[in-house]
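Visitor: Numbering (this note's numbering), first residue to last: 588 to 840.
Backbone N, C-alpha and C define an ideal beta-carbon position, used for all residues, glycine too.
I'd like to ask some things about the structure below.
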Amino acid sequence: MAESFGVDAERYDRARPPYPDDLIAGIVTGSPGADVLDVGCGTGIASRQLRAAGCTVLGVEPDARMAEFARRDGLDVEVGTFEEWEPAGRDFDALVAATAWHWVDPAAGPAKAARVLRPGGRFAAFWHAFQLPDAVTDAFATAYQRAVPDSPIAFRSAGRQGLDLYQPMLDKTAGELRATGAFDDAEQWRFEWTRTYGRDEWLEQLSTQGGLTPLRPEQARDILAAVGAAIDGLGGTFTMPYATVTVTATRTA
C-alpha cells in the first residue's frame with residue numbers, strides 16, 4: 588500500500604490538502620536552523636510549504652514516481668526508504684514526516700531520526716485527522732466490505748474516525764521517541780480547520796487514499812459510486828472538520 592500512491596502522482600498532489608500555516612511556522616521557529624529533511628515527502632506538498640517559509644529541504648521518498656513529480660518543482664529528493672537511506676554525514680535542523688511516519692519502521696525510525704538531527708533539532712510527524720458525515724462513512728464501509736470482503740479497512744473506517752483513530756498512533760510515536768533517550772519530552776500540537784467539499788472534489792481525494800490505490804479499477808469504481816450517491820443525498824456538498832495533529836520533540840545535546 589505504501590508504494591501504491593504514485594499510481595497517479597498528479598491527482599495525489601492536486602487532491603491532498605496542504606498543512607496549516609501555523610504548523611509550518613511552529614516547525615520553522617522551533618528549529619535551530621533552516622535545513623529540513625522531509626521523510627516520505629511524496630509529491631512535495633509539505634516540502635514546498637517549508638521551502639516557501641525559507642527552509643532548505645531535502646526529501647526522501649520510496650516511490651520513484653512521487654519523487655519525480657516533486658523534482659519537477661525544483662525540490663531535491665532522494666529515492667529510498669528512510670530506514671535504508673544513507674545520510675552520508677549530513678545532519679539537519681528539523682526532520683518532518685507529513686502523513687508518512689506510520690510507514691516507517693518503529694524500531695529503526697526514531698533512532699535514525701536522532702542520528703540525523705543536530706542538537707536542538709526538531710522532530711515533527713503530523714497527520715490530518717478528519718470527521719466525515721455518518722452517511723458518507725457508512726456508504727464507504729458498506730461498499731468497501733462488498734468490494735473487498737476480506738479487508739479490515741471497511742470496519743475500521745466505519746467505527747473510528749478523527750482523533751479516535753489517530754490518538755493511539757500519536758501516543759505510540761511519542762513513546763518510541765522517548766525510548767531512544769535522545770529527545771526531550773514529546774509534545775502534541777493540534778490545529779483545527781474546516782473545508783467544504785463538493786461530490787467530485789471528495790471523490791478525487793478519496794481516490795488517492797491507501798484503501799483504494801491498490802484496488803482493481805472496478806473495485807474502486809463501485810466504492811466511489813456508493814460514496815458519491817451518499818454525498819448527493821446530502822445535497823452534493825459537505826463541510827469536513829479537520830484537526831492536523833502533530834507529535835514533536837527536540838533532539839537533546
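(1) Could you give the first and the last residue of the continuous alpha helix (DSSP H) run that contains Phe-727?
(2) Using a Cβ-Cβ cutoff of less than 7 angstroms, which residues in the same chain neighbour Asp-550 once the five nearest sequence positions on both sides are dropped?
(3) Hey, out of Glu-673, Cys-642, Thr-668, whose CA is closest to Ala-542's CA?
(4) List in chain order: all unbroken alpha helix (DSSP H) runs of 4+ residues lying wholly within the stretch 606-630.
(5) Are the stretch 683-697 and the stretch 652-666 touching, with three or more C-beta to C-beta distances below 8 angstroms?
(6) So what does DSSP say about Thr-767, is it helix, strand or coil?
(7) Would Gln-806 and Ala-602 be called neighbours here (beta carbons separated by less than 8 angstroms)?
(8) Answer with buried or exposed for Asp-819, where buried requires no fewer than 16 other C-beta atoms within 10 angstroms of its C-beta.
(9) Residues in the same chain with beta-carbon distance under 7 angstroms from Ala-722, minus the five sequence neighbours each way, listed in chain order, please.
(10) Beta strand (DSSP E) containing Phe-656: first to last residue?
(11) Assuming Tyr-829 and His-689 make a contact with CB atoms under 8 angstroms, what is their CB distance in whole Å?
(12) Assign Gly-785 to buried or exposed, taking buried as 16 or more other Cβ atoms, counted over all protein chains shown, within 10 Å of its Cβ.
(13) Along the chain, where does the alpha helix (DSSP H) containing Trp-789 start, and where does it finish?
(14) So for Arg-782, helix, strand or coil by DSSP?
Guide: Reading from the atomic positions:
(1) Taking the first residue of the sequence shown as position 1, residue 727 is located at position 140. Phe-727 -> alpha helix (DSSP H) spans 721-734.
(2) Only positions 588 to 840 of the chain appear in the structure, and residue 550 is not among them; the question remains open.
(3) Nothing about residue 542 can be read from this structure; the chain reaches only from 588 to 840.
(4) 608-616
(5) no
(6) To locate residue 767, count along the sequence shown from 1; it is residue 180. Reduced to three states, the DSSP call for Thr-767 is helix.
(7) For the purposes of this step, residue 806 is taken as the residue at position 219 of the sequence shown. For the purposes of this step, residue 602 is taken as the residue at position 15 of the sequence shown. The answer is no: Cβ separation not under 8 angstroms.
(8) Translated into positions along the sequence shown, residue 819 becomes position 232. Exposed is the call here.
(9) Position 135 of the sequence shown holds residue 722. Counting only Cβ-Cβ distances below 7 angstroms, and skipping sequence neighbours, we find Ala-817, Gly-820, Leu-821.
(10) Position 69 of the sequence shown, counted from the start, is the residue given in the question as residue 656. Phe-656 -> not in any beta strand (DSSP E); alpha helix (DSSP H) instead, spanning 651-659.
(11) Position 242 of the sequence shown holds residue 829. Position 102 of the sequence shown holds residue 689. Their Cβ separation, rounded to whole angstroms, is 18 angstroms, which puts Tyr-829 and His-689 out of contact at 8 angstroms.
(12) One-based indexing of the sequence shown puts residue 785 at position 198. The residue in question, Gly-785, is exposed, as its Cβ has fewer than 16 Cβ neighbours within 10 Å.
(13) Your numbering for residue 789 matches position 202 in the sequence shown. 786-793 is the span of the alpha helix (DSSP H), which, as asked, contains Trp-789.
(14) One-based indexing of the sequence shown puts residue 782 at position 195. Three-state DSSP puts Arg-782 in a strand.
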